[in-house]
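>
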Amino acid sequence: MWGPPLRLIRRALVFPPLTSTTSRGGILSLQIPPRPLLPYKNPTQLELPRFTGAAMPLLLLAAARPCAPLLAPSAAGAVVGRPSTARPLGRGTRRGAGAAAAAAVAAEKTVVKAEEEEEGGGEYDAIVVGSGIGGMVAATQLAAKGARVLVLEKYVIPGGSSGYYRRDGFTFDVGSSVMFGFSDKGNLNLITQALEAVGHKMEVIPDPSTVHFHLPGDLSVLVHREYDDFVTELVNKFPHEKEGILKFYGTCWKIFNSLNSLELKSLEEPLYLFGQFFQKPLECLTLAYYLPQNAGDIARKFIKDQQLLSFIDAECFIVSTVNALQTPMINASMVLCDRHFGGINYPVGGVGGIAMSLADGLVDKGSEIRYKANVTNVILENGKAVGVRLSNGKEFFAKTVISNATRWDTFGKLLKVEELPEEEKNFQKNYVKAPSFLSIHMGVKASVLPADTDCHHFVLEDDWANLEKPYGSIFLSIPTVLDPSLAPEGHHILHIFTTAGIEDWEGLSRKDYEKKKELVATEIIKRLEKKLFPGLQDSIVLKEAHQKHTEDFLREMMVHMDPCHGSIDGLYCVGDSCFPGQGVIAVAFSGIMCAHRVAADIVIPEKLKLPGIIVQISVVIWEQKA
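In structure tokens:
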């Protein structure tokens, strides 16, 4: 019997038997007839049976297309060349750093050429607008496949919200300091993979824990790097829920192991999915089963204690900025397990080194990155994206354009309103934004922190109901616990985040904005002083607060995500506003998927592994019309 239908609000392709093959230019083209196994209800809706013998369609439910960035890219002028020969390293001797790394500190410099000095020329395979991690991963993945890529960045260094800045001897990460994806095993070490693709590697410092929770009712839970240590601590807090704890986190591991067994490329490119299914059918079916489910519902199957369920809400809030009932189970499982499998690893010298290394690797592969490049328009010809125009009038052309600007900036600023397709207008009506953040960077005297202070903390003092409210919870990172070179000797860096409703800040004058920012920051610091670090305010030697308007979003279910390749031919999006969740690992995932899709669309040959055969492919697929 067929189970209840699962409706996908997007295009889906279901493979019938192959009927013929042809060869053009030495590339095998597999031709698939226009006959889906099940009928379309309309051009964008397909009803599929749920989890019976129809295995292949279920794999295709994992269709998730990447899109938009950490920071909207567009600035003025243009600068070309290799961005740096070293990472954005802190001062002083770095823990675990060897002689070569120390030499890199002394040699750090930025080498650029003015646009007038080096024009470039010819058509590129891809132009990437913006150099956030999503854009840089997409660019380097394509360059590693042999594509000629041009990255255009508005600022003077790459990285976007994963960049860095310096003040008075302190090196601050612009965004999060919690780094997944740096391990040397599995398939979810996406940062390691991205760097390796262009011949680079970064030295990292393992974090012995992920986060220390300080929660209502004096509940304190340290998430140890070792899974058994974490479970032991949690069971000691909730001994009556031991079985439920093991079953919930055991389910997370089941999903994680399935995901980690797959080679993660594009979740929307049919032939790739076809090959993955035949190699790992059970793992694909496991992911398909959990795809529409959220972490809160799964937790409630095994756990009854309300405080423990609230703790799982806090766990998911760090992953997604929403509670467990709104967090896709696959997203939660990926983070809640990878923190033990690959662990949290901090790059020596700061997070800004990731984008710098990728930029170096991009240039090493023969592609280009230009700084101070203010992209103001995507150029369309006959409805197809063919290039971009800078604020100074200069134009660049390519087979494809990948925007690492937010989806709203891409379709709201880089394209004219009359050029927006109906599909995009509908998306912008239906998306759900994540909260904005107030970010506070501080330099403090080291004496204010206890010697055994953990690197990352999550603070929610009095009431679980405040978890998702603006300024209700506080996330704190102290990266100098791991890498003292980021601060002057005898000092630490504190990087504080709290959610903030953007509506609270809109319409304020500059004077009122700065006043409100100072008041909120002072109140947050007082809370940390009371809960964690007595004397904190008197220890501050440097303080800067920033209100960040984010465009991160999280769909109710992953199957509702929109594509990296939208309804404008030749235009792709990559980054945080089209892939659920937050942080570097999410946008890196989107970059890898987008690059794989672009490579397939512009026919960069790639080996596809199926049982008994290895072929090089391009795909000719007919879509059934409504």
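Residue numbers for the sequence shown, in the numbering used here: 16 to 641. For glycine and all other residues, C-beta sits at the position ideal for the given N, C-alpha and C.
Give me the Cα-Cα distance between Leu-685 and Phe-411, rounded to the nearest whole angstrom.
In the structure displayed, the chain extends from 16 to 641; residue 685 sits before or after that span and is not available.
> With DSSP collapsed to three states, give me the class of Asp-467.
coil
> Classify Gly-172 as helix, strand or coil using the three-state DSSP reduction.
Note that residue 172 corresponds to Ile in the displayed sequence, not to Gly. DSSP places Ile-172 in coil when its eight states are reduced to three.
> If you measure between the beta carbons of Lys-169 and Ala-388, is that distance less than 8 angstroms?
yes
> I need the straight-line Cα distance from Gly-381 to Ile-142, nearest angstrom please.
14 angstroms
> Just the C-alpha distance for Val-337 and Gly-311, rounded to the nearest angstrom, thanks.
11 angstroms
> State the Cα-Cα distance for the pair Arg-422 and Ala-314, rounded to the nearest angstrom.
33 angstroms
> How is the alpha helix (DSSP H) around Gly-367 delimited, first residue to last?
367-379
> Do you know offhand how far Asn-309's Cα is from Gly-365's?
34 angstroms
> Just the C-alpha distance for Thr-186 and Ala-560, rounded to the nearest angstrom, thanks.
15 angstroms
> Please go through the same chain and pick out, in chain order, the residues whose beta-carbon is closer than 7 angstroms to the beta-carbon of Tyr-179, but skip the five residues on each side of it.
Within the same chain, Tyr-179 has close Cβ partners Pro-103, Thr-186, Phe-187, Asp-188, Val-189, Gly-365, Val-366, Gly-367.
> What is the C-beta distance between Leu-551 and Asp-183, in whole angstroms, given that I count them as a contact (C-beta under 8 angstroms)?
No, Leu-551 and Asp-183 are not in contact; Cβ-Cβ is about 19 angstroms, not under 8 angstroms.
> Where do the ends of the alpha helix (DSSP H) carrying Arg-354 lie?
344-356
> By alpha-carbon positions, which one of Pro-221, Lys-460, Tyr-264 ends up nearest to Ile-327?
Tyr-264
> Taking the beta carbon of Pro-549 as the centre, do at least 16 other beta carbons fall within 10 Å, making it buried, or is it exposed?
The residue in question, Pro-549, is exposed, as its Cβ has fewer than 16 Cβ neighbours within 10 Å.
> Can you tell me whether Arg-109 is buried or exposed? The criterion is at least 16 other CB atoms within 10 Å of its CB, across all chains shown.
Its pLDDT being 36, under 50, Arg-109 is placed unreliably in this model, and the value from its coordinates should be taken loosely. Label assigned to Arg-109: buried.
> Could you tell me which of Cys-609, Leu-373, Ala-610, Val-393 sits nearest to Pro-173, measuring between CA atoms?
Leu-373
> Would you check if the region 354-362 and the region 208-224 touch, i.e. whether three or more CB-CB distances between them fall below 8 angstroms?
yes
> Give the straight-line distance between the Cα atoms of Ser-605 and Val-401, rounded to the nearest whole angstrom.
22 angstroms
> Which two residues bound the contiguous alpha helix (DSSP H) that contains Ser-276?
For Ser-276, the enclosing alpha helix (DSSP H) begins and ends at 257-276.
> Does the pairing of the region 225-243 with the region 390-410 give three or more beta-carbon distances under 8 angstroms?
no
> Between the region 413-427 and the region 147-166, do three or more beta carbon pairs fall short of 8 angstroms?
Judged by Cβ distances under 8 angstroms, the region 413-427 makes contact with the region 147-166, as three or more pairs qualify.
> Pull up the CB-CB distance for Val-166 and Leu-405, whole angstroms please, since I reckon it's below 8 angstroms.
Beta-carbon to beta-carbon, Val-166 and Leu-405 are separated by about 13 angstroms, too far to satisfy the 8 angstroms threshold.
> For Leu-482, which option in Ala-329, Gly-516, Ser-492 has the closest C-alpha, if you only look at C-alpha atoms?
Ala-329
> Among His-611, Ile-617, Cys-609, Ala-601, which has the Cα closest to the Cα of Ser-335?
Ala-601
> Is DSSP giving Tyr-486 helix, strand or coil here?
Residue state for Tyr-486 is assigned as coil, using DSSP reduced to three classes.
> Note down, in chain order, each residue of its chain lying with its Cβ closer than 8 angstroms to the Cβ of Glu-241, except the 5 sequence neighbours on either side.
Once the five neighbours on either side are set aside, the close Cβ partners of Glu-241 are His-355.
> Please report the Cβ distance between Val-302 and Ser-273, rounded to the nearest whole angstrom; I am assuming they are in contact, meaning their Cβ atoms lie under 8 angstroms.
First, the residue type needs correcting, since residue 302 is Leu and not Val in the sequence shown. With a Cβ gap of about 5 angstroms, Leu-302 and Ser-273 count as contacting.
> What first and last residue would you give for the beta strand (DSSP E) that runs through Glu-410?
410-418
> Counting along the chain, where does the beta strand (DSSP E) carrying Glu-383 start and finish?
383-386
> Between the region 486-500 and the region 339-351, are three or more C-beta pairs nearer than 8 angstroms?
As far as the Cβ criterion goes, the region 486-500 does not touch the region 339-351, which means the pair count is below three.
> For Pro-499, count neighbouring Cβ atoms within 10 angstroms of its own Cβ and tell me buried if that reaches 16, exposed if not.
buried
> Apart from the five residues on each side of it in sequence, which residues of its chain come closer than 7 angstroms, Cβ to Cβ, to Leu-250?
For the sequence presented, residue 250 should be read as Val rather than Leu. So the qualifying residues of the chain are Lys-257, Ile-260.
> Could you spell out where the alpha helix (DSSP H) holding Asn-251 opens and where it closes?
242-252
> If you compare alpha carbons, which of Ser-192, Asp-353, Gly-147 is closest to Leu-203?
Looking from the CA of Leu-203, the closest CA among Ser-192, Asp-353, Gly-147 belongs to Asp-353.
> With a threshold of 6 angstroms on Cβ separation, who are the neighbours of His-227 within its own chain once the five nearest residues in sequence on each side are excluded?
Cβ neighbours of His-227 beyond the five flanking positions: Leu-237, Asp-469, His-472.
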